[in-house]
Amino acid sequence: MPPIKETRTKAAGQPPIIEIDGISKSFGAFKVLDQLSFNVAPGEKLALIGPSGSGKTTILRILMTLEGIDSGDIRISGEHLYQMPGNGGLRPADENHLHKMRAQIGMVFQLFNLFPHKCVLDNVTLAPMLTKNTPRKQAEEQAMQLLEMVGLADKAKSMPSQLSGGQKQRVAIARALALQPKIMLFDEVTSALDPELVEEVLNVLWRLSEETDMTMLLVTHEMGFAHEFADRVLFFDRGKIVEDGKPEEIFRNPKQERTQTFLKKIIAAGHRV
Amino acid sequence: MGQWAGYLQLILEGALVTIKLTLLGSVLALIMAFVAGLGRISRFWAVRALATAYIEFFRGTSIFVQLFWAYFVLPLFGFSLTPLQAGVLALGLNVGAYGAEVVRGAIRSIGKEQYEACIALNFNRWQSLRHIILPQAFVLMLPTFGNNAIELLKASAVVSLISLSDMTFQAQVVRAQTGSTLMPFLTILVLYFLMSSVISYSIRGLERYLTRGLDGVRS
Numbered sequence: 001m002p003p004i005k006e007t008r009t010k011a012a013g014q015p016p017i018i019e020i021d022g023i024s025k026s027f028g029a030f031k032v033l034d035q036l037s038f039n040v041a042p043g044e045k046l047a048l049i050g051p052s053g054s055g056k057t058t059i060l061r062i063l064m065t066l067e068g069i070d071s072g073d074i075r076i077s078g079e080h081l082y083q084m085p086g087n088g089g090l091r092p093a094d095e096n097h098l099h100k101m102r103a104q105i106g107m108v109f110q111l112f113n114l115f116p117h118k119c120v121l122d123n124v125t126l127a128p129m130l131t132k133n134t135p136r137k138q139a140e141e142q143a144m145q146l147l148e149m150v151g152l153a154d155k156a157k158s159m160p161s162q163l164s165g166g167q168k169q170r171v172a173i174a175r176a177l178a179l180q181p182k183i184m185l186f187d188e189v190t191s192a193l194d195p196e197l198v199e200e201v202l203n204v205l206w207r208l209s210e211e212t213d214m215t216m217l218l219v220t221h222e223m224g225f226a227h228e229f230a231d232r233v234l235f236f237d238r239g240k241i242v243e244d245g246k247p248e249e250i251f252r253n254p255k256q257e258r259t260q261t262f263l264k265k266i267i268a269a270g271h272r273v
Numbered sequence: 001m002g003q004w005a006g007y008l009q010l011i012l013e014g015a016l017v018t019i020k021l022t023l024l025g026s027v028l029a030l031i032m033a034f035v036a037g038l039g040r041i042s043r044f045w046a047v048r049a050l051a052t053a054y055i056e057f058f059r060g061t062s063i064f065v066q067l068f069w070a071y072f073v074l075p076l077f078g079f080s081l082t083p084l085q086a087g088v089l090a091l092g093l094n095v096g097a098y099g100a101e102v103v104r105g106a107i108r109s110i111g112k113e114q115y116e117a118c119i120a121l122n123f124n125r126w127q128s129l130r131h132i133i134l135p136q137a138f139v140l141m142l143p144t145f146g147n148n149a150i151e152l153l154k155a156s157a158v159v160s161l162i163s164l165s166d167m168t169f170q171a172q173v174v175r176a177q178t179g180s181t182l183m184p185f186l187t188i189l190v191l192y193f194l195m196s197s198v199i200s201y202s203i204r205g206l207e208r209y210l211t212r213g214l215d216g217v218r219s
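From first to last, the protein sequence lines stand for chains A and B.
Positions 1 to 273 (the working numbering) are the ones given, in order, by the first sequence.
Positions 1 to 219 (the working numbering) are the ones given, in order, by the second sequence.
Shown next, in the form of structure tokens:
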């Protein structure tokens with residue numbers, strides 16, 4: 001798995017694909033995100049790390065419109081995510097606007113969230129057929145290519161319950177890719193897997209990063225992988241970005257005490273950095 | 001023994017009426033269960049209110065009273081129904097109200113993660129419901145739907161009170177004519193039990209058919 005980060009920094013100079021501008025979010029009295037701002041360049045591979053409850057998963061969920069925001073602004077490819085133009089100003093986004101915005105974003109979940117009543121192939125073809133009116137034959141050809149890429153072409157007719165965790169997660173990745181999103185969100189995609197199954201999923205992520213120029217946001221506890229894979233690492237704590245930099249800087253020379261403490265704990269817990 | 005054959009004939013004619021009532025009533029109940037069950041989870045306040053009112057009203061009043069309303073009171077407002085129509089209407093609306101709560105409960109029991117996968121895959125609300133939520137929820141509804149159908153079959157005996165000659169009505173006729181209670185009521189006891197067994201086995205078969213994919217290979 002050769003790191004090829006240098007070739008990927010072509011994004012510099014292009015306008016950001018994701019602009020997060022002072023967003024806050026609370027669950028009851030608990031402030032998950034506190035005036036958070038950062039941009040993501042097109043094609044950038046971004047790792048979001050930090051202790052649980054620091055808000056990193058919430059950001060992915062907000063980008064996928066699974067959670068709303070209390071204040072602030074998010075723009076995807078220059079367009080407001082939660083607002084739309086209307087009456088000479090901006091008004092809250094309606095379902096049509098959200099539908100249009102979601103088409104650019106794909107998400108893979110920690111617990112796969114496959115459809116248990118549909119075979120692997122149907123899991124992958126359903127979204128293009130329903131949301132893009134792709135004819136079945138074409139959707140199936142495309143799905144088979146994706147399943148080929150994640151190494152599961154022979155499981156096309158299996159039901160999700162017959163697959164291992166790692167296989168399920170690879171199907172979930174193929175399913176999200178079938179909509180050809182510009183941005184992929186990976187929410188702790190290996191956290192629920194047995195240790196020996198983690199690598200097969202990470203290999204798929206490697207392959208994706210090498211073969212596509214998708215923007216990828218990765219919430220992970222796999223520090224070794226984040227180190228090699230990401231162009232940039234954000235360290236979160238208590239709803240704020242504590243440190244933002246290249247993986248070498250964050251993992252080898254963390255400037256902030258909170259980052260140092262977190263990484264020490266992770267290493268003590270046996271994770272490779 | 002010869003006379004019993006004629007009386008048995010009468011009871012079997014009644015059995016046909018009971019089967020007809022049960023089938024038609026179940027179809028109406030199923031439709032009402034989905035209409036009101038989905039209405040209960042609608043985004044629109046008025047739809048939710050309407051569905052709730054229907055469910056509470058029909059669960060909260062006796063089927064006997066509902067039947068009398070359908071048959072004797074509605075004509076006063078200009079809606080005349082045949083006894084069969086009144087029976088199907090009362091049974092279907094009554095059992096449908098119970099079914100609606102089954103539909104709602106089953107839909108609610110599908111995990112949040114399935115809804116989130118639908119949003120992430122950009123399905124709209126109807127597509128999520130139609131392709132992801134309902135197929136999974138329907139399997140969960142089946143056992144209770146089976147119970148409801150059996151309840152409907154047994155409740156169908158109340159139509160004998162509006163002079164519809166169902167199985168129970170015919171048994172009473174036979175009893176009045178022969179003075180024997182044992183023969184007609186033993187016969188319909190067995191027939192009701194056979195009919196409810198058919199419902200049970202059909203539902204169980206359907207359930208097995210629909211869940212086969214969840215742990216086995218499809219096709």
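By construction, the Cβ of each residue, glycine as well, lies at the ideal position given by its N, Cα and C atoms.
From a predicted model like this one, the values you see are computed outputs, not experimental measurements.
What does residue i reach in chain B if we use C-beta pairs closer than 7 angstroms?
i              : result
N275 (chain A) : The requested residue 275 (chain A) does not occur in the structure, where chain A is confined to residues 1 to 273.
F27 (chain A)  : None at all; the shortest Cβ gap to chain B is about 15 angstroms.
F262 (chain A) : Here the premise fails: no neighbours, minimum Cβ distance about 28 angstroms.
R207 (chain A) : Chain B residues near R207 (chain A): none, gap ~21 angstroms exceeds 7 angstroms.
A103 (chain A) : N122
E243 (chain A) : Correct list: empty, because the minimum Cβ distance to chain B is about 29 angstroms.
Once the 5 residues before and after residue i are set aside, which same chain residues still bring their CB inside 6 angstroms of it?
i              : result
Y82 (chain A)  : A93
M184 (chain A) : G106, M214 and M216
A106 (chain B) : A137, L140 and M141
L177 (chain A) : L146
T7 (chain A)   : Residue placement at T7 (chain A) is poorly supported in this model, since its pLDDT is 45, which falls under 50; the coordinates still yield a value, given next. Taken in chain order, the list of residues that qualify is empty.
P15 (chain A)  : none
V120 (chain A) : K155, A156, S158 and V171
Y7 (chain B)   : V174
N148 (chain B) : V95, Y98 and G99
Against residue i, what residues of chain B qualify as contacts under a CB-to-CB distance less than 8 angstroms, listed in chain order?
i              : result
R275 (chain A) : Not covered by the structure: residue 275 (chain A). The range shown for chain A is 1 to 273.
L179 (chain A) : L121 and N122
M107 (chain A) : A120
A176 (chain A) : A120 and L121
What in chain A is Cβ-close to residue i, meaning under 9 angstroms?
i              : result
F68 (chain B)  : Within chain A, no residue comes near F68 (chain B); the closest Cβ sits about 44 angstroms away, beyond 9 angstroms.
I132 (chain B) : F115, H117, K118 and L126
In chain E, which residues lie less than 9 angstroms from residue i when you measure between Cβ atoms?
i              : result
P143 (chain B) : The chain inventory of the structure shown lacks chain E, comprising the protein chains A and B.
Residues in the same chain with beta-carbon distance under 7 angstroms from residue i, minus the five sequence neighbours each way, listed in chain order, please.
i              : result
R75 (chain A)  : E19 and L81
G50 (chain A)  : K56, F235, F236, D237 and F262
M129 (chain A) : R136 and A139
P3 (chain A)   : Confidence is the limiting factor: at P3 (chain A) the pLDDT is only 46, short of 50, which leaves the residue's position unreliable, though a coordinate-based value still follows. Around P3 (chain A): E228.
I250 (chain A) : V233, F235, E243 and T259
L193 (chain A) : G165, G166, Q169 and V201
F115 (chain A) : N123
F112 (chain A) : K168, Q169 and A172
Give the residues of chain B in contact with residue i, contact being defined as C-beta atoms less than 9 angstroms apart.
i              : result
A156 (chain A) : Per Cβ cutoff of 9 angstroms: no residues; A156 (chain A) is ~11 angstroms from chain B at best.
H99 (chain A)  : N122 and N124
A139 (chain A) : The premise fails here: A139 (chain A) is roughly 13 angstroms from chain B at the closest Cβ pair, so nothing lies under 9 angstroms.
E95 (chain A)  : N124 and R125
If the cut is a Cβ gap below 7 angstroms, which residues of chain A does residue i touch?
i              : result
P135 (chain B) : H117
Q127 (chain B) : L130
Mind listing the chain A neighbours of residue i? Cutoff is C-beta to C-beta under 8 angstroms, in chain order.
i              : result
Q177 (chain B) : Those within 8 angstroms of Q177 (chain B) in chain A number zero; the least Cβ separation is about 55 angstroms.
Output needed for residue i: all residues of its chain with C-beta closer than 8 angstroms, excluding positions within five of it in sequence on either side, in chain order.
i              : result
L81 (chain B)  : A70, Y71, L74, P75 and L89
I41 (chain B)  : R48, R104, I107 and R108
F64 (chain B)  : V158 and L161
R204 (chain B) : G146
M101 (chain A) : T65, I76, E79, L81 and A93
L30 (chain B)  : G96, G99 and F145
Q127 (chain B) : C118
Do three or more CB pairs link the segment 163-175 of chain B to the segment 17-29 of chain B at distances below 8 angstroms? yes
With three or more beta-carbon pairs closer than 8 angstroms as the criterion, would you say the segment 21-40 of chain B touches the segment 87-105 of chain B? yes
Counting only Cβ-Cβ distances shorter than 7 angstroms, please list the residues of the segment 59-90 of chain A near chain B, keeping chain order. M64, T65 and L66
Taking contact to mean 3 or more Cβ pairs, one atom from each stretch, closer than 8 angstroms, check whether the segment 167-174 of chain A and the segment 199-209 of chain A are in contact. yes
Are three or more beta carbon pairs between the segment 50-69 of chain B and the segment 110-127 of chain B nearer than 8 angstroms? no
Counting Cβ pairs, one atom from each stretch, are 3 or more of them under 8 angstroms apart for the segment 152-162 of chain A and the segment 169-189 of chain B? no
Is there contact between the segment 59-72 of chain A and the segment 23-35 of chain A, where contact requires at least three CB pairs shorter than 8 angstroms? yes
Could you tell me which uninterrupted alpha helix (DSSP H) segments, each at least 4 residues in length, are contained entirely in the segment 82-147 of chain B, listed from first to last along the chain? 83-108 and 112-120
Sequence ranges, beta strand (DSSP E) only - wholly within the segment 14-48 of chain A, length at least 3: 18-27 and 30-40
May I have a chain-ordered list of the beta strand (DSSP E) segments no shorter than 3 residues that lie completely inside the segment 113-191 of chain A? 183-187
For the segment 195-264 of chain A, list the alpha helix (DSSP H) runs that are entirely contained and at least 4 residues long, ordered along the chain. 195-211, 223-229 and 247-252
Mind listing, in chain order, the continuous alpha helix (DSSP H) runs of no fewer than 4 residues lying wholly within the segment 1-64 of chain B? 2-40 and 45-60
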